[in-house]
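Participant:
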Amino acid sequence: MADTVLEVRNLKVAFPCPGGVIRAVEGIDLDIHRGECAALVGESGCGKSVSALAIMKLLNTPPAVCRVDKLWLDDLDLTHLPDRQMERIRGKHMAMIFQDAMTALNPVMTVGKQIDEIYLRHSRLSRREARQRTIEALELVEVPEARSRANSYPHQLSGGMRQRVLIALAFACVPKLIIADEPTTALDVTIQAQVLDVLKNMQRVHRVSALLITHDLSVVANMADTVYVMYAGKIVERAAMQEIFLEPLHPYTHGLLASVPRISDERQPFVQIPDAVPHPMRKPTGCYFHPRCPRSNDPCRQRMPRLEGPDDGRAVRCWHPLRQPHEVRS
Amino acid sequence: MSRPNVLLQVAQRGGSLVTFVRKLWQHPQGRLGLILAGCLVLVAILAPILAPYDPYDVTQRAAKGLRPSWQHPLGTTTTTGQDIFSMLIYGSRVSLMIGIGTGVALAFLGALMGVMAGYLGGFVDNLIVRVVDIMLVIPTLPLIIVLTSLLGRSYFVIVLVFVIFGWTGLARVIRSLVLVLKNSNYVKAAELAGASRWYIMTKHILPGTSHLIIMNTALTSAGIMVAEAGLSFLGLGDPTAISWGKMLAEAQGGGALLFGAWWWIIAPGIGIFLSVFSFMRIGIVMEEVFNPRMKASSSIYKLFKHLNNTYLDEVFRSMEEEESVVREPPDRSDAPTPEGCHG
Amino acid sequence: MKRSYVIQRILYAVFIFFVVLTLNFFIPRIGVHDPAERYYPPQGGMSTIEYEIIKQFTREQYGFDVSAFQQYVRYLQGLLRLDLGTSLRSGSPKVTALIAQRLPWTLVLSVSTLVISLFAGLLFGTVAAWKRGRWQDTLLLNASTVSVALPSFFIALMLSFYLGFRLELFPAYTNPNMVAQFDWSWDAIRMVFTNAALPIMSMSLGGIIGYSQITRNSVIAVTNEDYVVTARAKGLPQATVLYKHVLRNALLPLATSIGMNIGGLIGGAIIIEQVFNWQGMGTLFLEANSTKDYPLMMGIMLFLSAFAILANLVTELLYVILDPRVTVGDKR
């Protein structure tokens, strides 16, 4: 059952700009199995959203330049697939949920029409049939009175409803892979939980693989099976979800977890990672994390460590991990 | 970044006239505009020295309708035998005087109205916005024609009319910027410190809008030069002065088209083009310099045109994992060496 | 909600029109005590008594013999009957009749110009945006810097010189018999359009480039919107994304600028009409100006303003249909 739905090898994205190159993504590898939900975690600006767009092949070549050694979606080789054919894949076999539903939906088109479009594009349905499917799709994501809501414009819906529309849009053709880019960040906390439940439910019911992009560790804990931690364009740690919460290996992951405020241990000082993410054009030499790392020493300043660990298990990119990946065996 | 933030950032970049000129000079297009405008101003000032003939001399009966030659580089008019080259040189005076004069006066009035509308708000704002709405629907050119016919055809009247009916554009732009500045912390601080409204308007808000005012002055000056040429072409300018618009009208009336005297049409055309072009350049470059977002996006496309593939390859190679087969282990004493070579 | 917005806009337009017509009433009275002096200025070789008699006559003829307020009321009453006053021309033609006579000829120019500029502008602007940074885009940028610095009447003179006199492709001057001989026959219509070719060309050039620029910038701005990425993520082909998602939204700012330009289109034809001696509203206005025919000038002014107000109003109301987000109290 361990067949891979998404296999990414050595994905790189650069943004040439006046005065230098922004190295947004520096060769990341991802493997997502059928029905699995992998989370790509990191601070804003670490390249996680860019990775998502690059996998969807949605980055325009000015301004971005992408290179990838291998990009397979199930049995489809997308590595060098031309744009024309990529259009047939997007929406049908891989779909995306965006962060801010207000801006991600066309303001001058009813939400129903926007979902209709995807059925009209990828299946031979009449307008009437497409609308019927749209209403069903909206009902699946628990939009009440779906038939009339389909005729509303995005600004007439609440934030939670809009996000559900985006989820319905993504699951419309039951794709092989869903990429959810911060699907709940723009919402109120109470709505977040509802929308996340809907998303999780859809993913489980349809057995769709998902790549969840977030900086919110509670979302990760709620949904993910595997976690990739990203820092300044590189994957720094890879682990199963429980493992990463129980025993982070990379100092950065450790810092991320420690900086989540918890009610239980209120007497402990609030931990935070010092300084900020390096500027993407002026990344430090050696390990990108070393200026902020409590464990850094000379070699960290000189050489970038490799992502080390068993092929399909835990891996960490650090000279001085909290423990060696092969020592951790759960 | 949201729009108000950009505006605020832009406003804070404002500075003195000297910094503007320096920034313009650093930009190749801006330098072109500055040099052209400078040359034109020089020509206008030195017109009596530069012009080989008296352009007002209409008594040269013998020299009517000459083709361009060494004596008359652009020939003479068919009707009165005036030297076209000298007329061209003198024409710059009217164009620049009206253009710059109106531009500066407009900047004054527009800035005042915009700052008042934006900062004082309430009734004043309402009134000014209504006036702007009204001005927008009145056809400008016919109105100017009516007013010049009422008040007389002198350049003073023309400038006055241009100023009275031209400030609305600048006022609207300034107003929206002031609405942003008004809520900025430094203005709030000044208000809390008890500074008077007038003081805040002149000392805090007006300097923040200076880049917009200067930019607008350059662009409106260019627009006014075109408008002035149009008025003169219709025979509604000052009848005593030589202007490029009037030259075009005389060329048409004097049968330049019929006789194929194309130089008679081209010459004032080039005069108008150069003066308008130089001021437009200055305005546009200023917009580019002070609107960083616009600049950034346009330069990226330029960059991609000249993007070197080997350079990109180099960039991507630098992202590769270091080949760690034979590698000096890092500081053994400190931590154990990572084992295995997985990717 | 939308109903009250529509009513609010209509009332505001009426208010603006009222202010404009009031201004229009007072403008010819600027600087003179007695409007009769404006309408019939003193002429040389005329004794004071003679001039007084003439003024008295003029006052009676144009209704200046009552108070200014009564004159204003009469003016308003006339407007309600769509009466813009009487021209000073011989035969005392009604201003409305003169406008009605000339308006169609100006509309030939301005409507063709608008249609051509709009379609070509949309096309070129979209192409430039789509091919951003490539030669199509650079060409548009350079063309726009050049065309803005060249007055339309200079372009008109050059076209008239080169295409009219040199190549003799089109008439360099309007055929004086065009208006008189017009009888809706095919030949007459063809004659109108061959004569209109050069004026339309000279007026369209700036319009095409202007609309191209607006379209380009607007399309580029919309292309960066998130919903365009969503549309692409749905797998829609590029052409569909462009047509259904980008252009639909990019047209909104264009609609505003069309509304504002339509108002100026008729007035803007003045100089071009003069160059080609086209017998439209522009030349009518210039004729009125040269004979100091104030009732005619002010009548044309009011007509043009009303036209502009109406165009703006229609644009605003159209916006409600085009952009579902517009609700009560929204300001542009």
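Chains as they are written, first to last, in the numbering used here: chain A, 1 to 330; chain B, 331 to 673; chain C, 674 to 1005.
Cβ coordinates follow ideal geometry from the N, Cα and C atoms, glycine included.
Kindly indicate the opening and closing residues of the beta strand (DSSP E) around arginine 238 of chain A.
Facilitator: Start at 1 with the first residue of the first sequence, and residue 238 of chain A comes out as number 238. Residues 234 to 240.
Participant: For arginine 133 of chain A, which residues in the same chain have their Cβ closer than 6 Å to its Cβ, ignoring the five residues on either side in sequence?
Facilitator: Translated into positions along the first sequence, residue 133 of chain A becomes position 133. Excluding residues within five positions, the ones whose Cβ falls inside 6 Å are Tyr119.
Participant: Where does threonine 253 of chain A sit, in a helix, a strand or coil, going by DSSP?
Facilitator: As a working note, residue 253 of chain A is residue 253 in the first sequence. Reduced to three states, the DSSP call for threonine 253 of chain A is helix.
Participant: Report yes or no: do three or more beta-carbon pairs, one from the segment 949 to 959 of chain C and one from the segment 914 to 933 of chain C, lie closer than 8 Å?
Facilitator: Segments in contact, no.
Participant: Under a CB-based cut-off of 8 Å, is arginine 1005 of chain C close to chain A?
Facilitator: The count along the third sequence starts at 1 and reaches residue 1005 of chain C at position 332. Confidence at arginine 1005 of chain C is low in this model, with a pLDDT of 37, below 50, so its placement is unreliable and the value that follows should be read with caution. No, because no Cβ of chain A sits closer than 8 Å to the Cβ of arginine 1005 of chain C.
Participant: Would you list the one or two residues that DSSP bridges to phenylalanine 15 of chain A?
Facilitator: Sequence index remark: in the first sequence, residue 15 of chain A carries index 15 (1-based). Answer by DSSP bridge pairing, in chain order: A:Ile22.
Participant: Are there three or more Cβ pairs, one per stretch, closer than 8 Å when the segment 177 to 195 of chain A is compared with the segment 18 to 29 of chain A?
Facilitator: Contact between the segment 177 to 195 of chain A and the segment 18 to 29 of chain A is absent, because fewer than three Cβ pairs lie under 8 Å.
Participant: So what does DSSP say about leucine 120 of chain A, is it helix, strand or coil?
Facilitator: Start at 1 with the first residue of the first sequence, and residue 120 of chain A comes out as number 120. The answer is helix: DSSP assigns leucine 120 of chain A an H, G or I state.
Participant: Return the Cβ separation of valine 892 of chain C and valine 919 of chain C in integer angstroms, given the expectation that the two are a contact with Cβ distance under 8 Å.
Facilitator: Within the third sequence, the letter at position 219 stands for residue 892 of chain C. Within the third sequence, the letter at position 246 stands for residue 919 of chain C. Yes, they are in contact, since the Cβ atoms of valine 892 of chain C and valine 919 of chain C sit about 6 Å apart, within 8 Å.
Participant: Give the secondary structure of histidine 33 of chain A by DSSP, where H, G and I count as helix, E and B as strand, and everything else as coil.
Facilitator: As a first step, residue 33 of chain A must be located in the first sequence, where it is residue number 33. If DSSP states are grouped into helix, strand and coil, histidine 33 of chain A belongs with the strands.
Participant: Let's see if you can read the secondary structure: which residues bound the alpha helix (DSSP H) around tryptophan 808 of chain C?
Facilitator: Numbered from its first residue, the third sequence carries residue 808 of chain C at position 135. It spans 808 to 822 - the alpha helix (DSSP H) in which tryptophan 808 of chain C sits, taken as one unbroken run.
Participant: Could you tell me which chain C residues have their CB closer than 8 Å to the CB of isoleucine 89 of chain A, listed as they occur along the chain?
Facilitator: To locate residue 89 of chain A, count along the first sequence from 1; it is residue 89. Neighbours of isoleucine 89 of chain A on chain C, chain order: Gly908.
Participant: Alpha carbon to alpha carbon, what distance is there between methionine 616 of chain B and histidine 311 of chain B?
Facilitator: Only positions 331 to 673 of chain B appear in this structure, which leaves residue 311 of chain B out of reach.
Participant: Where does the unbroken alpha helix (DSSP H) through methionine 94 of chain A begin, and where does it stop?
Facilitator: Position 94 of the first sequence, counting from 1, holds the residue named residue 94 of chain A. Methionine 94 of chain A -> not in any alpha helix (DSSP H); beta strand (DSSP E) instead, spanning 94 to 97.
Participant: Whose C-beta lies closer than 8 Å to the C-beta of threonine 226 of chain A among residues of the same chain, with five residues either side of it excluded?
Facilitator: By one-based count along the first sequence, residue 226 of chain A stands at place 226. Correct list, in chain order: Ile32, Glu36, Cys37, Ala38, Ala39, Arg238, Ala239, Ala240, Met241.
Participant: Which residue wins for smallest C-alpha separation from isoleucine 789 of chain C, given the options C:Leu991, C:Met876, C:Ala904, C:Ser825?
Facilitator: Here residue 789 of chain C corresponds to residue number 116 of the third sequence, with the count starting at 1. Nearest of C:Leu991, C:Met876, C:Ala904, C:Ser825 to isoleucine 789 of chain C, Cα basis: C:Met876.
Participant: Going by C-alpha distance, which of A:Ile179, A:Leu257, A:Ser148 is nearest aspartate 216 of chain A?
Facilitator: Against the first sequence, residue 216 of chain A aligns to sequence position 216. Comparing Cα positions, the closest option is A:Leu257.
Participant: Alpha carbons only, please: which of B:Arg505, B:Ser608, B:Val445, B:Pro598 is nearest the one belonging to glycine 405 of chain B?
Facilitator: Residue 405 of chain B sits at position 75 when you count from the first residue of the second sequence. It is B:Pro598.
Participant: Is the shortest distance between the beta-carbon of methionine 630 of chain B and the beta-carbons of chain A less than 8 Å?
Facilitator: Translated into positions along the second sequence, residue 630 of chain B becomes position 300. Rather than methionine, the amino acid found at residue 630 of chain B in this sequence is isoleucine. So, interface residue.
Participant: Taking the straight line between their C-alpha atoms, what separation do you get for leucine 322 of chain A and glycine 255 of chain A?
Facilitator: Walking along the first sequence from the start, residue 322 of chain A turns up at place 322. Walking along the first sequence from the start, residue 255 of chain A turns up at place 255. If you take the alpha carbons of leucine 322 of chain A and glycine 255 of chain A, they lie about 11 Å apart.
Participant: Say whether chain C places a C-beta atom closer than 8 Å to the C-beta of glutamine 401 of chain B.
Facilitator: In the second sequence, residue 401 of chain B corresponds to position 71, counting from 1. Glutamine 401 of chain B does not count as touching chain C.
Participant: Listing by chain order, which chain C residues have their CB less than 9 Å from the CB of alanine 559 of chain B?
Facilitator: One-based indexing of the second sequence puts residue 559 of chain B at position 229. Those are Pro824, Phe826, Phe827, listed as they occur along chain C.
Participant: Out of C:Tyr967, C:Val819, C:Ile881, which has the shortest C-alpha to C-alpha gap to serine 785 of chain C?
Facilitator: Sequence index remark: in the third sequence, residue 785 of chain C carries index 112 (1-based). Comparing Cα positions, the closest option is C:Ile881.
Participant: Could you tell me if asparagine 850 of chain C is buried or exposed, where buried requires 16 or more neighbouring beta carbons within 10 angstroms of its beta carbon?
Facilitator: Counting from one through the third sequence, the residue named residue 850 of chain C turns up at place 177. Per the 10 Å Cβ criterion, exposed.
Participant: Determine contact between the segment 468 to 482 of chain B and the segment 574 to 590 of chain B, defined as no fewer than three beta-carbon pairs at a distance below 8 Å.
Facilitator: No, the segment 468 to 482 of chain B is not in contact with the segment 574 to 590 of chain B.
Participant: Give me the chain B residues within the contact set of glutamate 26 of chain A, using Cβ-Cβ distance strictly less than 7 Å, ordered along the chain.
Facilitator: Taking the first sequence and counting its residues from 1, the one referred to as residue 26 of chain A is at position 26. Within 7 Å Cβ-Cβ: Met649.
Participant: Within 10 angstroms of its Cβ, does aspartate 75 of chain A collect 16 or more other Cβ (buried), or is it exposed?
Facilitator: Locating residue 75 of chain A in the first sequence gives position 75, where the first residue counts as 1. Exposed is the call here.
Participant: If you count every other CB in all the chains shown that lies within 10 Å of the CB of proline 668 of chain B, and 16 or more means buried, which is it?
Facilitator: Here residue 668 of chain B refers to the residue found at position 338 of the second sequence. Because the pLDDT at proline 668 of chain B is just 39, under 50, the model does not fix this residue reliably, and the value given afterwards should be weighed accordingly. Label assigned to proline 668 of chain B: buried.
Participant: Can you give me the C-alpha to C-alpha distance between leucine 633 of chain B and serine 416 of chain B, rounded to a whole angstrom?
Facilitator: Taking the second sequence and counting its residues from 1, one reaches residue 633 of chain B at position 303. Taking the second sequence and counting its residues from 1, one reaches residue 416 of chain B at position 86. One C-alpha to the other measures close to 45 Å.
Participant: If we cut at 8 Å on Cβ distances, does phenylalanine 646 of chain B have a partner in chain A?
Facilitator: As a position in the second sequence, residue 646 of chain B is number 316, starting the count at 1. Yes - at least one Cβ of chain A is within 8 Å of the one on phenylalanine 646 of chain B.
Participant: With a Cβ-Cβ cutoff of 8 Å, do glycine 27 of chain A and glutamate 644 of chain B count as a contact?
Facilitator: In the first sequence, the residue the question calls residue 27 of chain A occupies position 27. In the second sequence, the residue the question calls residue 644 of chain B occupies position 314. Going by C-beta atoms, glycine 27 of chain A is not nearer than 8 Å to glutamate 644 of chain B.
Participant: Under the three-state reduction of DSSP, which class applies to threonine 214 of chain A: helix, strand or coil?
Facilitator: On the first sequence, residue 214 of chain A is found 214 positions in, with the first residue counted as 1. If DSSP states are grouped into helix, strand and coil, threonine 214 of chain A belongs with the strands.
Participant: Residues in its own chain within less than 7 Å of glycine 42 of chain A by CB, not counting five upstream and five downstream?
Facilitator: Walking along the first sequence from the start, residue 42 of chain A turns up at place 42. Here the set comprises Lys48, His215, Val229, Met230, Tyr231.
Participant: Taking CB distances under 8 Å as the criterion, tell me whether glycine 670 of chain B reaches chain A.
Facilitator: Taking the second sequence and counting its residues from 1, the one referred to as residue 670 of chain B is at position 340. Note that glycine 670 of chain B scores 36 on pLDDT, short of 50, meaning its location in the model is unreliable; the coordinates nonetheless yield the value given after this. So, interface residue.
Participant: DSSP three-state call for lysine 767 of chain C: helix, strand or coil?
Facilitator: Position 94 of the third sequence, counted from the start, is the residue given in the question as residue 767 of chain C. Correct three-state label for lysine 767 of chain C: strand.
Participant: Got a sec: is the Cβ-Cβ distance from phenylalanine 634 of chain B to anything in chain A below 8 Å?
Facilitator: Mapped onto the second sequence, residue 634 of chain B falls at position 304. Interface residue, yes.
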